[in-house]
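Peer 1:
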Amino acid sequence: MDLPSPAASSPPADARVVVLGTGGTIAGLAARPDEHLVYRAARQGVDVLLAALPELEGLALEHEQVAQVDSKDMGAAIWQPLLARCAAHLARPEVSGLVLTHGTDTLEESAWLLHRVLAPRKPLLLTAAMRPASARGADGPGHLLDALRLAADPAAPPGVAVVFGGELMAPRGLRKQHPQRLLAFAPGPRGRLGDLYGGRLRHPVPLLGPPPADELALGLDAACLPPAPWPRVEVLASHADADGELVDALCAHRPAGGRPLAGLIVAGTGNGTLHQGLAAALARARAQGCVVWRTTRLPEGEVIDPEAADAGCEPLADLARPVAPDAPLPCIALSPWQARVELVLRLLAQQAARRPG
Numbered sequence: 001m002d003l004p005s006p007a008a009s010s011p012p013a014d015a016r017v018v019v020l021g022t023g024g025t026i027a028g029l030a031a032r033p034d035e036h037l038v039y040r041a042a043r044q045g046v047d048v049l050l051a052a053l054p055e056l057e058g059l060a061l062e063h064e065q066v067a068q069v070d071s072k073d074m075g076a077a078i079w080q081p082l083l084a085r086c087a088a089h090l091a092r093p094e095v096s097g098l099v100l101t102h103g104t105d106t107l108e109e110s111a112w113l114l115h116r117v118l119a120p121r122k123p124l125l126l127t128a129a130m131r132p133a134s135a136r137g138a139d140g141p142g143h144l145l146d147a148l149r150l151a152a153d154p155a156a157p158p159g160v161a162v163v164f165g166g167e168l169m170a171p172r173g174l175r176k177q178h179p180q181r182l183l184a185f186a187p188g189p190r191g192r193l194g195d196l197y198g199g200r201l202r203h204p205v206p207l208l209g210p211p212p213a214d215e216l217a218l219g220l221d222a223a224c225l226p227p228a229p230w231p232r233v234e235v236l237a238s239h240a241d242a243d244g245e246l247v248d249a250l251c252a253h254r255p256a257g258g259r260p261l262a263g264l265i266v267a268g269t270g271n272g273t274l275h276q277g278l279a280a281a282l283a284r285a286r287a288q289g290c291v292v293w294r295t296t297r298l299p300e301g302e303v304i305d306p307e308a309a310d311a312g313c314e315p316l317a318d319l320a321r322p323v324a325p326d327a328p329l330p331c332i333a334l335s336p337w338q339a340r341v342e343l344v345l346r347l348l349a350q351q352a353a354r355r356p357g
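Reminder that position 100 of the sequence shown reads as 100 in UniProt numbering, one-by-one numbering, no gaps.
1. In whole angstroms, what is the alpha-carbon distance linking residue 274 and residue 251?
2. So which of 171, 322, 327 and 152 has the shortest CA-CA distance to residue 335?
3. In angstroms, rounded to a whole number, what distance separates the CA positions of residue 276 and residue 244?
4. So the candidates are 285, 278, 72 and 331; which of them puts its Cα closest to the Cα of residue 295?
5. Which residues bound the beta strand (DSSP E) around residue 73?
6. If you drop the 5 nearest sequence neighbours on each side, which residues of the same chain put their C-beta closer than 6 Å to that of residue 361?
7. Going by DSSP in three states, residue 217 sits in which element: helix, strand or coil?
8. Near residue 60, which residues of its chain fall below 6 Å by C-beta distance, leaving aside the five closest residues on each side in sequence?
9. Residue 106 by DSSP, collapsed to three states: which one?
10. Which of helix, strand or coil does DSSP assign to residue 65?
11. At the level of alpha carbons, what is the spacing between residue 342 and residue 40?
12. Assuming residue 124 and residue 97 form a contact by the criterion Cβ under 8 Å, report the distance between their Cβ atoms to the nearest whole angstrom.
13. Just how far apart, CA to CA, sit residue 228 and residue 147?
14. Return the CA-CA distance between residue 159 and residue 241, expressed in angstroms with no decimal places.
15. Check residue 290 in the structure and name its three-state DSSP category.
16. Looking at the structure shown, is residue 331 part of a helix, part of a strand, or coil, going by DSSP?
17. Go ahead and pull the three-state DSSP assignment for residue 18.
18. Helix, strand or coil for residue 261? Go by DSSP, reduced to three states.
19. Please classify residue 35: does DSSP put it in a helix, a strand, or coil?
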């Protein structure tokens, strides 16, 4: 059974898919076809990737090279124009969907960013590869073809999703779980949306109503987000001998013309627990105005907070409420990396709310 379209209206007769390139392994080149590990990412333009797919005949496509980087170097300097270009194309009535080629290393962060800022009513599909384009048996062409066919399908579900390894996966909870395997990604607990065969969505997981209210767009105008640098948020982990000195150093560091520390994401041990030395340093950081959120460093499960009314993490919407420096640390049901993106966006939203006019 294919997933019925929840789109608000049928695409026009001249519907087209826009492909945005950002680089990554999917656009990488190695010295030999049998070399899968030693290569240079982001060496081919998105136009070259599309030209290598003769199966695209009949699909109305446009392409644009937004960036050309190894995704380990992804950040606000690329995210800001990427969001603006995505928003501009999504607003065009003749565009049925977007496909974004990306590297795998920070794919889960970019997917969450796009989901939280744009929450599009059209498909916005990210895809990537574990082998460079020059490799014999490269996985990128198949992923890209699946994404393009799905984005052009009027029955495709709207919103941000990731096409990889024959699966359609939601952004929330998505993790890159292996550095070399072709099936490198694992979806979140409710993140597996279905299987893809020839770009058609098969065996879709039933959508149980609309997205949760706390996953709706944050109300940020993608076209008006400030250029980099964005608020500085760092990720730390609790571990044996975690004495908190790094927290104190981060708070004390005031780079000339740079960004003071605005927030910290702390990946706790087990159920989000923190070494007592680290906990004391975090209390000092909060007293200085640093926003601190807590999650777990474990790859599965989420923190259960016995002090919370429902023993779970706060809904994302509740994290916008002011928290007293001496209150328990808020916990968030996201990976440390997606939690960092969420906090950066919350701080940007606060800045926008304070801006006159």
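C-beta atoms are modelled at their ideal positions from N, C-alpha and C, and glycine is treated no differently. Nothing here was measured: the structure is a model prediction, and the numbers come from that model.
Peer 2: If we stick to the structure as given:
1. On the sequence shown, position 274 is the one that residue 274 refers to. On the sequence shown, position 251 is the one that residue 251 refers to. Cα to Cα, the separation comes out at about 18 Å.
2. As a working mapping, residue 335 is identified with position 335 in the sequence shown. Of 171, 322, 327 and 152, the residue nearest in Cα terms is 171.
3. The sequence position of residue 276 within the sequence shown is 276, counting from 1. The sequence position of residue 244 within the sequence shown is 244, counting from 1. So the two alpha carbons sit approximately 9 Å from each other.
4. Here residue 295 is taken as the residue at index 295 of the sequence shown, counted from 1. With distances taken between Cα atoms, residue 295 lies closest to 331.
5. Numbered from 1 along the sequence shown, position 73 holds the residue referred to as residue 73. It is not in any beta strand (DSSP E) - residue 73 carries neither H nor E in the DSSP assignment.
6. Outside the shown range of the chain, which is 1 to 357, sits residue 361, and nothing can be said about it.
7. Translated into positions along the sequence shown, residue 217 becomes position 217. If DSSP states are grouped into helix, strand and coil, residue 217 belongs with coil.
8. Start at 1 with the first residue of the sequence shown, and residue 60 comes out as number 60. Correct list, in chain order: 16.
9. Indexing the sequence shown from 1 puts residue 106 at position 106. Residue 106 falls in the coil class under three-state DSSP.
10. Residue 65 sits at position 65 when you count from the first residue of the sequence shown. If DSSP states are grouped into helix, strand and coil, residue 65 belongs with the strands.
11. Taking the sequence shown and counting its residues from 1, the one referred to as residue 342 is at position 342. Taking the sequence shown and counting its residues from 1, the one referred to as residue 40 is at position 40. Each residue's alpha carbon lies about 30 Å from the other.
12. Here the question's residue 124 lines up with position 124 in the sequence shown. Here the question's residue 97 lines up with position 97 in the sequence shown. With 8 Å as the limit, residue 124 and residue 97 qualify as a contact, their Cβ atoms being about 7 Å apart.
13. Along the sequence shown, read from residue 1 onward, the residue named residue 228 stands at position 228. Along the sequence shown, read from residue 1 onward, the residue named residue 147 stands at position 147. Roughly 29 Å between the two C-alpha positions.
14. Here residue 159 refers to the residue found at position 159 of the sequence shown. Here residue 241 refers to the residue found at position 241 of the sequence shown. Rounded to whole angstroms, residue 159 to residue 241 spans 43 Å at the Cα level.
15. In the sequence shown, the residue the question calls residue 290 occupies position 290. It is coil, neither helix nor strand.
16. Within the sequence shown, numbered from 1, the residue matching residue 331 stands at position 331. Correct three-state label for residue 331: strand.
17. For the purposes of this step, residue 18 is identified with residue 18 of the sequence shown, where counting begins at 1. Here residue 18 sits in strand by DSSP.
18. The count along the sequence shown starts at 1 and reaches residue 261 at position 261. If DSSP states are grouped into helix, strand and coil, residue 261 belongs with the strands.
19. Stepping through the sequence shown from its first residue, residue 35 is reached at position 35. In this structure, residue 35 counts as coil in the three-state DSSP scheme.
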